[in-house]
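Structure first, then comments.
Written as structure tokens, this is what we have:
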């Protein structure tokens with residue numbers, strides 16, 4: 001076996017081991033704690049898409065780039081290059097009951113850390129553009145699915161996706177979704193266009209104040225599929241006065 005072949009094989013083996021571990025224990029990789037066994041058992045018993053939470057997700061800052069685009073669509077890529085990512089979000093109550101008919105908005109930066117619809121965002125003015133933004137409505141199982149790309153990064157923030165959830169036109173949760181540092185490091189180092197930026201990210205999960213504020217329940221479970229990454233997160237919301245949750 002040539003040195004080149006050996007190096008390539010070693011890289012592939014390391015990647016497979018990494019993703020197997022991530023699919024089993026996404027939170028442990030990030031050093032932010034672990035879910036209680038009782039919580040995990042409750043989620044599993046309810047048949048949720050990921051046994052990571054049966055608790056109310058914490059509110060965090062919306063960030064400066066939200067646009068109510070009104071784009072009801074599953075595929076939000078608009079041809080933006082990057083590693084394909086399917087994001088499965090299941091909205092539930094604090095006692096694990098799926099919430100149908102919730103509006104879910106997501107938005108995030110592209111592989112180069114650029115948001116759409118923003119003036120003076122780095123080297124590219126994206127005013128009027130709508131890539132990597134979209135809305136879905138949860139089905140009877142509380143699930144909303146988006147086809148997108150794995151987010152890139154920008155200075156001062158770890159890799160993340162923004163989300164807002166609405167019931168009856170009222171915002172019930174504004175939060176962010178986070179990903180395993182080890183997977184981000186692999187993609188940003190080895191996969192184009194992430195690895196062509198000529199810069200090194202400066203903020204990991206443990207150093208991101210918003211990720212720490214969001215806590216364990218905001219970290220997606222990631223699995224590798226033949227042609228994409230599959231990320232799942234159960235999003236617990238609380239009841240509020242006047243809502244359909246009572």
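Numbering (the UniProt record's numbering), first residue to last: 1 to 246. From the three backbone atoms N, C-alpha and C, an ideal C-beta is built for every residue, glycine too.
> Between the C-alpha atoms of residue 88 and residue 197, what's the straight-line distance to the nearest angstrom?
Replying inline: One C-alpha to the other measures close to 28 Å.
> How many angstroms separate the CA atom of residue 199 from the CA atom of residue 237?
Replying inline: Going by C-alpha positions, residue 199 is about 37 Å away from residue 237.
> How should residue 170 be labelled, buried or exposed, when 16 other C-beta atoms within 10 angstroms of its C-beta is the threshold for buried?
Replying inline: Note on residue 170: under 16 other CB atoms within 10 angstroms of its CB, so exposed under the neighbour-count rule.
>> Between which residues of its own chain and residue 155 is the CB-CB distance below 7 Å, once the five residues before and five after are set aside?
In response: The residues are 202.
> How would you write the range of the alpha helix (DSSP H) that residue 229 sits in, first residue to last?
Replying inline: From DSSP, residue 229 is part of no alpha helix (DSSP H) but of the beta strand (DSSP E) over 229-237.
> Which residues does DSSP pair with residue 144 in a beta bridge?
Replying inline: Looking at the DSSP assignment, residue 144 forms a beta bridge with 89.
> The alpha helix (DSSP H) spanning residue 175 covers which residue range?
Replying inline: Note, residue 175: premise wrong, no alpha helix (DSSP H); beta strand (DSSP E) at 170-178.
> Taking the C-alpha atoms as reference points, what is the distance between residue 180 and residue 194?
Replying inline: Looking at the two C-alpha atoms, the distance is approximately 16 Å.
>> Just to confirm, is the Cβ distance from residue 94 to residue 165 under 8 Å?
In response: Annotated as distal: residue 94 and residue 165, with beta-carbon spacing of 8 Å or more.
> With contact counted as at least three CB pairs below 8 Å, one residue from each stretch, are the region 53-68 and the region 206-221 in contact?
Replying inline: The region 53-68 is in contact with the region 206-221.
>> The alpha helix (DSSP H) that contains residue 183, what's its start and end?
In response: Bounds of the alpha helix (DSSP H) holding residue 183 are 181-190.
> If you run the structure through DSSP and keep just helix, strand and coil, what is residue 202?
Replying inline: Taken through DSSP and simplified to helix, strand or coil, residue 202 comes out as coil.
> Just curious, the beta strand (DSSP E) that residue 307 is in, first and last residue?
Replying inline: No answer is possible for residue 307: it lies beyond the span of the chain, which begins at 1 and ends at 246.
> Would residue 226 be called buried (16 or more neighbouring beta carbons within 10 Å of its own) or exposed?
Replying inline: Exposed, since its Cβ has fewer than 16 Cβ neighbours within 10 Å.
> Can you tell me whether residue 111 is buried or exposed, with buried defined as 16 or more other CB within 10 angstroms of its CB?
Replying inline: Classification for residue 111: buried.
> In the region 53-127, which residue ranges form an unbroken beta strand (DSSP E) of at least 3 residues, counting only runs that do not cross its ends?
Replying inline: For secondary structure counted as the beta strand (DSSP E) over 3 or more consecutive residues, the region 53-127 holds these complete runs in sequence order: 84-93, 103-107.
> According to the neighbour-count rule (16 or more other Cβ atoms, all chains shown, within 10 Å of its Cβ), is residue 232 buried or exposed?
Replying inline: The residue is buried, with at least 16 neighbouring Cβ atoms inside 10 Å.
> In terms of residues, what are the limits of the beta strand (DSSP E) holding residue 163?
Replying inline: First-last of the beta strand (DSSP E) with residue 163: 160-167.
>> Taking DSSP's pairing of strands, which residues face residue 149 in a bridge?
In response: Under DSSP, residue 149 shares a beta bridge with 84.
> How many whole angstroms separate the CB atoms of residue 160 and residue 188, which I take to be in contact at a CB cut-off of 8 Å?
Replying inline: At roughly 14 Å, the Cβ-Cβ gap does not stay under 8 Å, so residue 160 and residue 188 are not in contact.
>> Is the separation between the beta-carbon of residue 210 and that of residue 60 shorter than 8 Å?
In response: Cβ atoms of residue 210 and residue 60: closer than 8 Å.
> Hey, how far is the Cα of residue 96 from the Cα of residue 141?
Replying inline: Those two C-alpha atoms are separated by around 11 Å.
> Out of curiosity, what's the CA-to-CA distance linking residue 67 and residue 183?
Replying inline: Distance from the CA atom of residue 67 to the CA atom of residue 183, rounded to whole angstroms, is 28 Å.
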